[in-house]
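Asks: 571 is the number of the first residue of the sequence shown in this note's numbering; add one for each residue after it. In this text, a Cβ means the ideal position worked out from N, Cα and C, and glycines have one as well. Starting off with a structure, shown below.
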Amino acid sequence: MDRRIFLRSAGLAGLAGLLAACGQPTSGRSAADPTSSAPTSTPGAYDPVGIVAPDAEEVLSLISASFEQLTGQGRPFAFGLVGPDNEPLTGADVDVWVVPAEGGQPTGPYAATFHEVPGQPLGVYLAEVDIADAGPTSFVAVTSDQRAGADAIQVATPSDSQLPAPGREAIAVATPTTDDDLGFERLCTANPQCGMHEVGLDQALAAGRPVMITFATPAFCET
């Protein structure tokens with residue numbers, strides 16, 4: 571796997587784990603709940619799991635690590651999975667399907683690889699998928715034991731993306747540092763203060779080195 575893609579997935583692992591802790595299982599098809607009186611779908615309703623894995627139990631929540639995906643071949647798709655017990659599902663054999671919401675042809679399966687976060691019972695799945703068309707799209711994950719979950723994400727072309735696409739110049743802005751707090755009263759919630767406030771984002775980009783910017787609250791985040 572490309573090192574850049576792996577580093578990106580590793581950086582998203584904390585986010586995926588945090589979202590997984592807050593996720594709620596979906597209310598799709600489930601043989602484990604035969605007493606449910608609510609229908610799993612209405613005739614003609616868009617059912618991405620049913621389209622690509624009609625025999626699977628939709629008992630997982632899929633939490634995407636990004637709010638937007640880009641069209642193209644071999645695009646990285648990072649995500650977490652939460653089981654019906656609201657616990658992260660780690661290390662499973664998972665395939666991913668891409669299902670356009672507007673009647674396009676589904677593509678897949680794409681094998682997902684699980685990457686652990688060292689020292690934590692968390693991690694992130696990463697699959698490389700082909701996405702042909704922009705627009706609302708569901709990403710469906712199906713485990714080898716036929717459990718499934720889906721998440722709907724907006725897909726954009728690289729030229730229309732809300733964020734700089736891979737290969738485009740990053741947006742450089744000044745961020746508070748220990749030398750110039752830009753008027754902020756407090757830079758860090760950690761005590762003692764962590765060492766991640768010495769270089770501003772604009773300075774790091776100007777130096778031409780790999781950069782990851784993190785928005786976090788060490789004093790309040792348990793993940």
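Here's the rule: buried if 16 or more other CB atoms are within 10 angstroms of the residue's CB, otherwise exposed. What is E657?
Replies: When all chains shown are included, E657 counts as exposed.
Asks: Thinking C-alpha only, which one of A704, V699, T660 is nearest Q690?
Replies: With distances taken between Cα atoms, Q690 lies closest to T660.
Asks: Suppose you measure from the CA of P595 to the CA of A720; what does that come to, to the nearest Å?
Replies: Confidence in P595 is poor, its pLDDT being 40 and thus under 50, which makes the residue's placement unreliable; the coordinate value appears in the next sentence. Cα to Cα, the separation comes out at about 10 Å.
Asks: Please state whether DSSP places G620 in a helix, a strand or coil.
Replies: It is helical.
Asks: In angstroms, rounded to a whole number, what distance separates the CA positions of A681 and E698?
Replies: Computed Cα separation, rounded: 8 Å.
Asks: Just how far apart, CA to CA, sit T787 and D625?
Replies: When rounded, the distance between both Cα atoms is 42 Å.
Asks: Using only the alpha-carbon positions, how far apart do L630 and E755 sit?
Replies: Computed Cα separation, rounded: 42 Å.
Asks: Can you grab the Cα-Cα spacing for the pair Q773 / D730, in whole Å?
Replies: Roughly 27 Å separates the two Cα atoms.
Asks: In whole angstroms, give me the CA-to-CA distance for A623 and G678.
Replies: Computed Cα separation, rounded: 11 Å.
Asks: State whether the segment 704 to 711 contacts the segment 665 to 674, with contact taken as three or more CB pairs (one from each stretch) at a distance under 8 Å.
Replies: Output reads yes: the segment 665 to 674 touches the segment 704 to 711.
Asks: Specify, as a first and last residue, the run of the beta strand (DSSP E) that A740 falls within.
Replies: Careful: A740 lies outside any beta strand (DSSP E) and carries neither H nor E.
Asks: Apply the 10 Å Cβ neighbour rule to E739 and answer buried if 16 or more other Cβ atoms are within range, or exposed otherwise.
Replies: So E739 ends up on the exposed side.
Asks: Assign D721 to one of three DSSP states: helix, strand, or coil.
Replies: D721 falls in the strand class under three-state DSSP.
Asks: Return yes when the Cβ of T727 is within less than 8 Å of the Cβ of T641, no when it is not.
Replies: The answer is yes: Cβ separation under 8 Å.
Asks: In or out: G614 buried (at least 16 other Cβ within 10 Å) or exposed?
Replies: Low per-residue confidence applies at G614: pLDDT is 48, beneath 50, and the placement is therefore not dependable enough to give any value.
Asks: How should F647 be labelled, buried or exposed, when 16 other C-beta atoms within 10 angstroms of its C-beta is the threshold for buried?
Replies: Counting Cβ neighbours within 10 Å, F647 comes out buried, since at least 16 surround it.
Asks: Identify which residue in I621, A635, E628 has its Cα closest to the Cα of I723.
Replies: Looking at the Cα atoms, A635 is the closest of the given residues.
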